[in-house]
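According to this note's numbering, the sequence shown holds residues 688 to 913 in order.
Here a beta-carbon is modelled for each residue, glycine too, at the ideal position from N, C-alpha and C.
Model, not experiment: these values are computed from the prediction.
Below is one structure; the comments refer to it alone.
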Amino acid sequence: MVGLSRARDILSNIGWLSLQPKEFQDELFRRALPMKYRAGEIIYRLGDPLGGIYGFVNGAVTVSVAPANALPHLLHVLTPGGWTGEGCFLSRQPRRIELQAAIDTAAVYLPLDQMDQMARRDPMATRRFAQIVMMNLDLVLSAFYDLLDPDEYRRIARALRRVAAQEDTPVPLSQATLGMLANASRKTVNAALKCFAESGWVTSAYRSITITNLDGLRRYADGGGD
Numbered sequence: 688m689v690g691l692s693r694a695r696d697i698l699s700n701i702g703w704l705s706l707q708p709k710e711f712q713d714e715l716f717r718r719a720l721p722m723k724y725r726a727g728e729i730i731y732r733l734g735d736p737l738g739g740i741y742g743f744v745n746g747a748v749t750v751s752v753a754p755a756n757a758l759p760h761l762l763h764v765l766t767p768g769g770w771t772g773e774g775c776f777l778s779r780q781p782r783r784i785e786l787q788a789a790i791d792t793a794a795v796y797l798p799l800d801q802m803d804q805m806a807r808r809d810p811m812a813t814r815r816f817a818q819i820v821m822m823n824l825d826l827v828l829s830a831f832y833d834l835l836d837p838d839e840y841r842r843i844a845r846a847l848r849r850v851a852a853q854e855d856t857p858v859p860l861s862q863a864t865l866g867m868l869a870n871a872s873r874k875t876v877n878a879a880l881k882c883f884a885e886s887g888w889v890t891s892a893y894r895s896i897t898i899t900n901l902d903g904l905r906r907y908a909d910g911g912g913d
């Protein structure tokens, strides 16, 4: 179990919480609970009862969505610094996505009643929680835009850019999963990763990809060539 002190060291420096004032961070960590999930464990399913928000400290979590009566489809992979679960606080409706630990994962959990108490004490807290929606919406819009690119290698580069927030940090991402995120075959993903490695942008191992030159990968993803 990762303690709250270590969790704060990570989450206060990357992602949504890093953008919030220290007083808000202090209050959140006074109320948050450390959590641990084993690889394959479901954190919550589509339609589950109301709950609070999760911030991920290490590991990786798959995010799947589905319309009514359809099987969930992979949308994104959350890595350290990612937050989700805010929909219940804002809408008072059941869960709309499914979260599953891809590997052993540590998180912090802020229960819904604690979010409500924070919002009653400080009206700005609601606006701060709503910022998670906007950041996650930006990810969804980016994914939609990225998938329109006819260049498969560029789609793969953009999928990596969405998932990996830091250089030199292994992301537990298989070639099959990356292919789902980029709408590309595993064969194409394998070829693209070899090309990216030759350019010095990534290294890859079994079910793990590390971005070694984020700026270079970004320039390529944005159409700047190599």
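Taking the continuous alpha helix (DSSP H) assigned at T749, which residues delimit it?
It is not in any alpha helix (DSSP H) - T749 instead sits in the beta strand (DSSP E) that spans V748 to V752.
Alpha carbon to alpha carbon, how far is L765 from T792?
Their backbone Cα atoms lie some 11 Å apart in a straight line.
Taking the runs of the alpha helix (DSSP H) that are 4 residues or longer, which of them lie wholly in the segment 823-904?
Listed in chain order, the complete alpha helix (DSSP H) runs (minimum 4 residues) inside the segment 823-904 are 839-850, 862-869 and 873-885.
Please report the straight-line C-alpha distance between W888 and Q804, rounded to a whole angstrom.
Taking the straight line from one Cα to the other gives about 45 Å.
Give a yes or no on whether the C-beta atoms belonging to R848 and L762 are separated by under 9 Å.
The answer is no: Cβ separation not under 9 Å.
Is E954 helix, strand or coil by DSSP?
In this structure the chain extends from 688 to 913, so residue 954 is not present and cannot be described.
Could you compute how far the alpha carbon of L691 sits from the alpha carbon of G769?
Cα-Cα distance, rounded: 16 Å.
Comparing alpha-carbon positions, which option in R695, R808 and G702 lies nearest D825?
Measuring from the Cα of D825, the nearest candidate turns out to be G702.
Comparing alpha-carbon positions, which option in V752, I729, P721 and N756 lies nearest V744?
Nearest C-alpha to V744: P721.
Go ahead and label D713 buried or exposed: buried means 16 or more other beta carbons lie within 10 angstroms of its beta carbon, across all protein chains shown.
With fewer than 16 Cβ atoms within 10 Å of its Cβ, D713 is classed as exposed.
Is there contact here, the segment 805-815 with the segment 733-753, by at least three beta-carbon pairs under 8 Å?
The segment 805-815 is not in contact with the segment 733-753.
Taking just the CA atoms, how far does P708 sit from R732?
Rounded to the nearest angstrom, the two C-alpha atoms are 32 Å apart.
Look up W770 in the DSSP assignment and give the residues it is bridged to.
According to DSSP, which records beta bridges pairwise, W770 is partnered with G742.
So L794 is in the alpha helix (DSSP H); what residue range does that whole segment cover?
A quick correction: the sequence has Ala, not Leu, at residue 794. It is not in any alpha helix (DSSP H) - A794 instead sits in the beta strand (DSSP E) that spans T792 to L797.
Measuring straight from C-alpha to C-alpha, what distance separates T741 and P798?
Here residue 741 turns out to be Tyr, not Thr, going by the sequence shown. Answer to the nearest angstrom: the Cα atoms are 9 Å apart.
Can you tell me where the alpha helix (DSSP H) holding L691 begins and where it ends?
Here the alpha helix (DSSP H) through L691 covers L691 to L698.
With distances taken between CB atoms, is the gap from F816 to L777 smaller than 9 Å?
Yes, the Cβ-Cβ distance between F816 and L777 is below 9 Å.
In three-state DSSP terms, what is I719?
Ile is not the amino acid found at residue 719; the sequence shown has Ala there. Coil, per DSSP.
Tell me the DSSP bridge mates of E728?
In the DSSP output, where bridge partners are listed per residue, E728 has none listed.
Throw me the rounded Cβ distance for the I843 and V876 pair, which I believe falls under 8 Å.
Confirmed, Cβ separation roughly 6 Å.
How long is the line joining the alpha carbons of E854 and D902, rounded to whole angstroms?
If I take the Cα positions, the gap works out to 9 Å.
By the DSSP assignment, the beta strand (DSSP E) with Q787 in it spans what residues?
Counting along the chain, the beta strand (DSSP E) containing Q787 begins and ends at E785 to A788.
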